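Here is the structure we will look at.
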Amino acid sequence: MNPALSPYLRSLWNITPTLFDITEPQATRAFLSPLGLHLPLRAPADVPQGSWFHAAAAHAAAHLVFSPHRFDPAGLRPVTQALVGALEDARVEWLACRELPGLRRLWLPFHTVNLSDTPNFEDLLRRLARCLLDPSHHDPHPWVVKGRQLFFVDDAGEMLALRQPEALRHAASLLGNDIGQMRLQFNARLYQVMPSYRDDNSCLWPADERRADAEHEVASTPQGGAAAGAEQPVASAAQRHTYPEWDRLVPMYRPDWCAVHDAPARAANASPAMRTPRAMPLPAQQRIRLMAQPDGDEFDLDALVDARIALRSGNAAEPRVYRRTASLPATGTTLLLLDTSASTADLLPAMRDAAWRCARAIEQRSGICAIHSFCSDGRHAVHYERVKDFDDALDAPCIARLMGLRSRLSTRLGAALRHATQLIAARRGTLRRVLLLTDGKPHDVDVFDPRYLLADARQAVREAARRHVLVECLCLDPQALRSLRGVFGAGLRHLRADTR
Amino acid sequence: MGSLMDARPLASEPYYHPAADECALFEAAYAQRLPVLLKGPTGCGKTRFIEHMAWRLKRPLITVACNDDTSAADLTGRWLLDAHGTRWQDGPLTLAARSGAICYLDELVEARADTTVVMHPLTDTRRMLPLDKHNELVHAHPDFLLVASYNPGGHKELKASTRQRFCALAFGYPATEIEVAIVSHEAGLDMEMAARLVALGVRTRRLQGHGLDEGASTRMLVHAGRLIREGVPPIAACRIAVAAPLSDDAEVSAALLATVDASF
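Next comes the structure, spelled out in structure tokens:
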């Protein structure tokens, strides 16, 4: 699925239909529903692959912008209904091309025609569609010429004749009668709108006449985060990532061994237990005085005297005679990773407080910070929750999510570190750091060797170092320092839980 | 710094198309010597406006582009060391205050905090600039005016104590017809092509907040127009002047390129 369709439609028409994937693998046809635009997972095999999704999305968007009318199917034969659809397709495309002429170039490659001497109805309809999209194209067939004359006011195709739905319906009836007189067969059951980028036109008819799309509706899943509203269960928004795990006995990686389910964290309900962490005064941003600088606000008097002595004695003077103050370099990007396994139940308030204060301090120093948490229930269910993403503000909803964290399950540290590394390595910047807040050593329900997960975590820290991501640990339990020292080395610190 | 000494009124009129009554308002503010803050997104015409007004008022214009390393000494002046000893060198703000020029601090919000404080005495009724390092109190020339610009969409904000000293003129992207006229004039294009460029600009601005911090500015559209005037095909011109500079994000870039393709 092409992910750039949503910004594409927003910029073209200022519309934001919800985009759905049609999960049925055989489906190759887009359709519009009251929910939004449904697109198949892949383009049909026989068309230009690169531009098919853009063509389909631009066509459906033209319907959304220019097709407000619903046609009444009463008294319309199936062939006339098909022609109404074809003429309406051509009408919305013509209107769209008037504003965005480049769309014609996008759609035309899909209009391949069969110029046989004995054309069937589908051939003629394709030829008519080709002529209506590209008025400079001339087709000698009398039926196509008639369709063109009904559609445009002028020969050059610069004025649209079918401005009203009634006129369009009338033109379709005339063309449909001609098809009947030509004795051309029309099979309504097998008919598909042509070319393949056009949707099935079900949006043109009232809802009760629409094709029963029950199986599509059930099978369609919204794309991306935008469609996943707050009311949807968090589990459905989780993205699954698999990571290898290091087996210290073999010793080798077990490929795709752990599954990390990444989802936004749930906010706490407003309850008496919820409180804003206490604000602590922060030290002012640190500034340092730089002496003997090539430029600055004031003279560095020592350097100035030396320079004058050098000049007086006929030597070359040192030009670095200024001093200035500078702020310490930016804090870079930090991902705070909270261990929320069951054993942290007592320490969780302290951990929340520490995370909030760290995040605030980092952001006040122009750093970028995210707060994520994890717990695990065996290797297939490492739950990874995002309390605050890198671009989120440290605001009330974020604090509510932080307060919503609950201690549960176990600690599969390696998989969580690998996922955190993956996320932060995608960020730009030179100083990238994962800071783990934990209560002790990792364990999980399906691991019985106490050293297994420690060895895996140590391996994950090394992998991160190879990707220039620094992994450090704040441990709240002094008992665990010894075993974690082997994992984090000098990056391990002890944080007293009563540091308030 | 030597070139600042020669600051003279501009010789020819810089092109500016008023969007409303901003020229008259600025003239009124100048008549009362009230400092003016120009707010607006990048490339919407703030700098061109002040050039135009300096020409209208026949005052020299001294422009300082502020960045996060701009210190108070960069504006007021500093001691230099030369072969004969130390020598005081006026900064651009001091020079403008002495000579009666318009001092234009571009992107004031980027400057360090001490920078914004140093100009406070110049912006109220005192109209003076204390130079503590030079042990001097500079009284501003009667014609001197301080003008600053800033882009409110950025991540920094002006302090209340600074912003309350200014009258503020808010700039936005011009209305479509005016923007078409501007692009047509600046790029030397016919109105139809200029209208197509402006329509593309409006489309990119819809992505503001949805992957883009800001959409294509008028300046960007003028750049694209000048490339077209140079004989570059419109799609290629808009790709290099609009789509490519706007975003590095793969998804947004793809959408922008597809929008450019659809527009011509």
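Top line first, the protein sequences correspond to chains Z and S.
The first sequence finishes on residue 1110 if you use our numbering, and the numbering steps up by one all the way, no holes.
The second sequence finishes on residue 338 if you use our numbering, and the numbering steps up by one all the way, no holes.
All C-beta atoms, glycine included, are put in the ideal place defined by N, C-alpha and C.
The structure presented is a predicted model; accordingly, all values stated were derived computationally and were not measured.
### Message
Tell me the residue span of the beta strand (DSSP E) that contains Z/K756.
### Response
Z/K756 -> not in any beta strand (DSSP E); alpha helix (DSSP H) instead, spanning 752-761.
### S/G299 at chain Z interface by Cβ criterion, 9 Å
no
### Message
Let me check understanding here. Comparing Cα to Cα, which of S/P166, S/A298, S/V306, S/D217 lies closest to S/A318?
### Response
S/A298
### Query
Going by alpha carbons, who is nearest to Z/P752 out of Z/F762, Z/L734, Z/L946?
Z/L734
### Message
Applying the 10 Å Cβ sphere with the 16-neighbour rule, what's the burial state of Z/H673?
### Response
buried
### Message
For a cutoff of 9 Å on Cβ pairs, would you count Z/P805 as touching chain S?
### Response
no
#### Entry: Backbone secondary structure at Z/I625 - three-state DSSP
coil
### Task
Per DSSP, which residues does Z/R975 bridge with? Please list them.
Its beta-bridge partners do not exist; DSSP assigns none.
### Query
If you measure beta-carbon to beta-carbon, which residues of the stretch 711-723 of chain Z are closer than 8 Å to chain C?
You won't find chain C in this structure, because its protein chains are Z and S.
### Message
Just to confirm before moving on: does the CB-CB distance between S/I176 and S/L111 stay below 9 Å?
### Response
no
### Task
Name the two residues that bound the continuous beta strand (DSSP E) containing Z/K998.
992-998
### N-terminal and C-terminal residue of the alpha helix (DSSP H) that S/I176 is part of
Unbroken run through S/I176 is the beta strand (DSSP E), 176-180; no alpha helix (DSSP H).
### Query
Hey, does Z/D907 have any beta-carbon neighbour from chain S nearer than 9 Å?
yes
### Task
Could you have a look at Z/V1071 and say whether DSSP puts it in helix, strand or coil?
helix
#### Entry: Inter-residue Cα distance where the pair is Z/L1102 and Z/M961
16 Å
### Task
Helix, strand or coil for Z/H1112, going by three-state DSSP, please let me know.
Because chain Z in this structure spans residues 611 to 1110, residue 1112 of chain Z falls outside the shown range and cannot be described.
#### Entry: Proximity winner among Z/A875, Z/Q802, Z/D905, relative to S/D143 (alpha-carbon distances)
Z/D905
### Message
For Z/A936 and Z/L1064, what's the separation of their Cα atoms in angstroms?
### Response
42 Å
### Message
Give me, in chain order, the residues of the same chain whose beta-carbon lies closer than 6 Å to that of Z/H917; leave out the 5 immediate sequence neighbours on both sides.
### Response
Correcting the residue identity first, residue 917 of chain Z is Ala in this sequence and not His. Hits under 6 Å: A927, E928, V931.
### Message
Looking at Z/G1050: is its Cβ nearer than 9 Å to the Cβ of Z/C868?
### Response
no
### Message
At the 9 Å Cβ level, is Z/R934 part of the contact set with chain S, yes or no?
### Response
yes
### Beta-carbon proximity list for S/T190, same chain, < 6 Å, skipping 5 on both sides
T236
### Query
Considering S/C312, what are the terminal residues of the alpha helix (DSSP H) in which it resides?
308-312
### Task
Classify S/E266 as buried or exposed, calling it buried when 16 or more other Cβ atoms lie within 10 Å of its own Cβ.
exposed
### Message
Measuring alpha carbon to alpha carbon, tell me which residue in Z/S923, Z/D1001, Z/A671 is nearest Z/T944.
### Response
Z/D1001
### Query
Between the stretch 620-651 of chain Z and chain S, which residues of the former have CB atoms less than 7 Å from a CB of the latter, in chain order?
R620, S621, L622, N624
#### Entry: S/K233 in three-state terms, based on DSSP
coil
### Message
Using CA atoms only, rank isn't needed, just tell me which of Z/Q774, Z/T1048, Z/R1022 is closest to Z/D1059.
### Response
Z/R1022
### Query
Under three-state DSSP, which class holds Z/M769?
coil
### Query
To which residues does DSSP link Z/P587 through a beta bridge?
Past the boundaries of the shown model lies residue 587 of chain Z; chain Z is included only from 611 to 1110, so the question cannot be answered.
### Query
Applying a beta-carbon distance threshold of less than 7 Å, which residues of chain Z neighbour S/F346?
No answer is possible for residue 346 of chain S: it lies beyond the span of chain S, which begins at 75 and ends at 338.
### Message
Given a cut-off of 9 Å on the beta-carbon distance, is the pair Z/P711 and S/S337 in contact?
### Response
yes
### Query
In three-state DSSP terms, what is Z/A696?
helix
### Query
Does any C-beta atom of chain S lie closer than 9 Å to the C-beta of Z/S616?
yes
### Task
Check whether the Cβ of Z/P929 lies closer than 9 Å to any Cβ atom in chain S.
yes
### Message
Tell me the rounded alpha-carbon separation between S/H213 and S/L182.
### Response
22 Å
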